[in-house]
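Everything below concerns the one structure shown next.
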Amino acid sequence: MARRGKSAGRTLEDLTLDSGYGGAADSVRSSSLSLCCSDSQAPQPYGGQCWPQLTGSMHSRHNSFDTVNTVLVEDSEGLDCSGQQCSRRLPDLEEVPWSLEEVEAVLRLPARGSGSGSSGSPGAGPGREAAARLSALLSRALIRLAREAQRLSLRLAKCTKHEVQSAMEVVLGWSLAPRCTAAALGALSLYNMSGSGGDRFSRGKSARCGLVFSVGKFYRWMVDSRVALRIHEHAAIYLAAGMESLFRDVHARVLALPLPLPQPRGSGAAADKDKESSGSSSGEAPRFTLEALEQTVSNDAELWGLLQPYQHLVCGKNASGVLCLPESLNLHKDQQRSNKPGEVQMFSQSELRTIEQSLLATRVGSIAELSDLVSRAMHHLQPLNAKQYGNGTPMHHKQGSLYWEPEALYTLCYFMHCPQMEWENPNVEPSKVTLQNERPFIVLPPLMEWIRVALAHAGYRRSFSVDSDDVRQAARLLLPGVDCEPRQLKMDDCFCASRKLDAVAIEAKFKQDLGFRMLNCGRTDLVKQAISLLGPDGINSMSEQGMTPLMYACVRGDEAMVQMLLDAGADLNAEVVSTAHKYPSVHPETRHWTALTFAVLHGHIPVVQLLLDAGAKVEGSLEHGEENYSETPLQLAAAAGNFELVSLLLERGADPMVGTMYRNGISMTPQGDMNSFSQAAAHGHRNVFRKLLAQPEKEKSDILSLEEILAEGTDLADATPSPLCASRNSKAKLKALKEAMYHSAEHGYVDVTIDIRSIGVPWTLHTWLESLRTSFQQHRRPLIQCLLKEFKSIQEEEYTEELITQGLPLMFEILKASKNEVISQQLSVIFTHCYGPYPIPKLVEIKRKQTSRLDPHFLNNKEMSDVTFLVEGRPFYAHRVLLFTASPRFKALLSSKPPADSTCIEINYVKYPIFQLVMQYLYYGGAESLLIKNNEIMELLSAAKFFQLEALQRHCEIICAKSINTENCVDIYNHAKFLGVTELSSYCEGYFLKNMMVLIENEAFKQLLYDKNGETSGQNVLQDLQRTLATRIQSIHLSSSKGSIV
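Below, the structure written as structure tokens:
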């Protein structure tokens, strides 16, 4: 990560001086595995020893692959103070798909404004600092996951949940990966269950998944970062749920950190100071702090390397360099848990030590030693791996154990071989041993990490064996300066996946392998011999991946080879089989795909043209009238945004209305997946979406041209939404476009959403809110105005809790940030519309019987009084028996003066006529006889509040409410807020909302809304208006008895 303004203090990035595993030796020589750099590189020290600069597309970590689209580190930023280049670092992310508020919600920290760090709420201050630091650290984990998913997605040119899950298994440790996978599976299950109802488009994807992080933001981030050409929505759900689980897991580990021992209690001010600095009135310090986070990460072998800024992944060691087993692999703890009376122990202590030594081994002296270590480790890890990944692992992994091919062991031995001794020439007798100092890896990862990463790669391929390339992929991740090409979809990739076979099966498989290779060479004279070797199916024989030679040729885009296979009689419409018994390595996403699907998948337009001319079905495996359980070529082309391919497929009769059906495993009802409209809209391909819209319906030709409506420069305000034609397919098309509108709004492609709206597709509250949010974040004022104008088109029946929880905060934030008069006027119209036509709730008189009452003749009667008040220098005579029980305030005043004291009780801040009205109210026993002038009502309200006379106060509030108008409403509101009269304040807020269209032009009202001094004084009018409107909407539109507020 780029070092910008690096401070002198030690952070997690400075806990080690090396690149993770130690310094480098003098030089790095090229190996037979083509993973290291050439001899021409001069040795450069790094941290005492430095990695040479890697060059070449095959050997450079950066150049060999189009990495995640982030801000890459400049060369000058990767230099240390001595000018020597350091190990390659991860790039900084300019934006992450989560906000700090979402992180605090995930960690369940106190809400902002609930208190300061020293107020006693745990984590209120220090917790936010730790949350911000944790967000920065886990952004590195996000980059690692995205890069691995990016490499895995190259095989099928799309990123699905399988690629994200495999990336989790590759990057995350033994304990972290199962938790993240389980969280992702749970979120996807909730999402699938919520899709069966009719309101699935009325809620956001995150709400349907039960997540805090925005699935739409993660999807958009994956598209913008070029994780894959096509992103499946389930991949975004998996990544969002996995990252959210990772945040919770790290937070839980920090909280599990043992508290420091209490220090001896001091004396005097020192002890009090220590108690105050603990951040809690009870003496308990906040648990989630920056220091606790740093300590947890430094001591955790799974977290420390994951959160380091280096491109390679440091595994199995903590910041001190100590190799240690993760919690899930700790055999001693498992043995202690399973020990019960009369139960036989699984392992003896010596066996436990042997297994742990095997798992933590970093170097080997020979291939025989490595084979023995791998055998011991696999014997322990294989059942554990199957148990942890039981939900996502292919079934054939549970039927038998994986085995390591000899080439994989030799490749692993190359990396783990002791760097001090090597055979100079093992083919010469006697063999000569020489000392070597060529390898840069002084401290290697433990064997358990090699096995974990290699097993994850083999599991993604649905293979029964770990091959050499799996080990090379592990070396690329675990070692600095090592790289290899991403694994492609090739026909020889599946032949390492078979189980242990007998002699007859091995011979048949060898012939099939040879036949596939003969067809792959492109020689037409070998076609007949190859067909004879392939078996009874001939040219249409399938590999263990369920693919024919024609499909492999379409993947490569070899037009000549495709033509040759077609001439030889290859079946154009052969499908990838879905049975896992005979073809165990079939990827779930490729089932029922045809050769045309693979050609479209990789964008080979000449091959697509050739296949279509030869008679390939344009819809792939889809039969007319049947449900489609695989993606059609048009869906794949629309998701990739390939305008030329989309146009070609549409010309040949492809139907953009076809969607993919899938069974969610919970309900038996097939759920519809995204069709071509939704694919283009979800990826933000506006030109492709317009092309799909311009395609006329097959059953009706007199359809209004959508090209004219969607011409460039058309504004939403000028274009009147035209309803879709009332053909037989119009309902289905409307439903498809609603779904496309939902996905485009969720992913932030507001232009596509506006295009869909402009042809008459109605808004839902959710799509409108998401479009408004995106427009506000992008500062697109004209679009905000058009969207606000469209609010009234949303039916009131569609109002949901989202309007209160998401909509109102967003609109009031726009009102606060925007000083545009048009936007303010439009928001006023919306607020008045939401407040409804019902009257403002009335204030009700308080009928309260007084305990004492005197005849009005005694009012201000000097001869009969026993207490005297001095108001504005004038005496006012009263009686204790009445005032003592009138209110607590009068009781307190009278208690301070004994009856024998003849001095007067001075009353300040109350005028004499107002005090006289208060006394008249008390002596007459009610407010009916009071003659209150308009200019006296506010002062009387203040006096009633001061003397704590609730009934008189309410009477004054009712008079103010009856006399309120656009001229005095601001003054009444300010006076009510100053006095703390909540009922009158709420009534004024209701008046503001109901008459906001008129008041928004009032300068006094504008000053009230936008006065920044109000926030510092504790008065936030916008928040109060939002709260009042939320209560109103809840009672009118969302409660069981609508309109009950009247």
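Anchor point for the sequence shown: position 859 equals 859 in UniProt numbering, and the numbering is continuous, going up by one each time. Heads up, the beta-carbon is just placed ideally off N, CA and C, and yes, glycines get one too. Quantities reported herein were computed from a predicted structural model and do not represent experimental measurements.
A residue is called buried once 16 or more other Cβ atoms fall within 10 Å of its Cβ, and Lys158 is buried on that count. Looking at the backbone, the Cα of Phe598 and that of Asp655 are separated by about 18 Å.
For Gly305, the CB contacts under 8 Å within the same chain, skipping 5 residues up- and downstream, are Gly20, Leu313, Val314, Cys315, Gly316 and Lys317 in chain order. A residue is called buried when at least 16 other Cβ atoms come within 10 angstroms of its Cβ; Arg208 meets this threshold and is buried. The beta carbon of Phe992 lies closer than 8 Å to those of Cys969, Tyr973, Leu999, Phe1005 and Leu1025 in the same chain, with the five residues before and after it left out. Comparing C-alpha distances from Ser135 to each of His162, Leu152 and Val106 shows the shortest one belongs to Val106. For Leu313, the three-state secondary structure derived from DSSP is coil. DSSP places Glu906 in the uninterrupted beta strand (DSSP E) bounded by Ile905 to Ile907.
Tyr877 has Thr868 as its beta-bridge partners, per DSSP. Beta-bridge annotation (DSSP): Val254 is not paired with any residue. In this structure, DSSP gives Val608 a helical state, which the three-state scheme calls helix.
When the alpha-carbon of Ala680 is set against those of Arg652, Gly659 and Gly641, the nearest one is in Gly641. For Thr767, the CB contacts under 7 Å within the same chain, skipping 5 residues up- and downstream, are Met741, Tyr742, Ala745 and Thr753 in chain order. DSSP, read as helix, strand or coil, puts Trp221 in helix. DSSP places Ser1035 in the helix class (H, G or I) of the three-state scheme.
Burial state of Arg523 is exposed, judged by a 10 Å Cβ sphere holding fewer than 16 other Cβ atoms.
About 4 Å separates the CB atoms of Ile846 and Ala951; that is less than 8 Å, so the two are in contact. Pairing Ala368 with Ile451 gives a Cβ-Cβ distance that is not under 8 Å. Residue pairing for Tyr403: DSSP places it in a beta bridge opposite Ser465. Burial of Cys413 is indicated by the presence of at least 16 other C-beta atoms within 10 angstroms of its C-beta. The beta-carbon distance between Ala474 and Ala505, rounded to whole angstroms, is 30 Å. This is too long to meet the 8 Å contact definition.
Distances from the alpha-carbon of Gly980 to those of Gln1007, Gly990, Phe946 and Leu188 put Phe946 closest. Per the coordinates, the alpha-carbon of Met811 lies some 14 Å from the alpha-carbon of Val822. Cβ-Cβ separation between Phe247 and Val103: approximately 6 Å, consistent with a contact (criterion under 8 Å). For the 8 Å CB-CB criterion, Ile958 and Ile937 do not form a contact. Here Asn1002 is actually not in contact with Thr1028; their C-beta atoms are around 18 Å apart, not less than 8 Å. The alpha-carbon of Lys733 is positioned some 7 Å away from that of Met657. DSSP places Ile914 within a helical segment (H, G or I) once states are collapsed to three. The DSSP-derived three-state label of His833 is helix. Within 10 angstroms of the beta-carbon of Ala736 lie 16 or more other beta-carbons, which makes it buried. For Asp537, no alpha helix (DSSP H) run applies, since DSSP gives it neither H nor E. The straight-line gap separating the alpha-carbon atoms of Asp755 and Val761 is approximately 9 Å. Per DSSP, Gln308 lies in no alpha helix (DSSP H) and is assigned neither H nor E. Shown here, Leu325 sits in coil according to DSSP, grouped into three states, outside any helix or strand. Within its own chain, the residues whose Cβ lies closer than 7 Å to the Cβ of His1037, once the five positions on either side in sequence are excluded, are Glu796 and Tyr799, listed in chain order. Excluding its 5 nearest sequence neighbours in each direction, Val867 has C-beta neighbours in its own chain below 6 Å: Ala878 and Arg880, listed in chain order.
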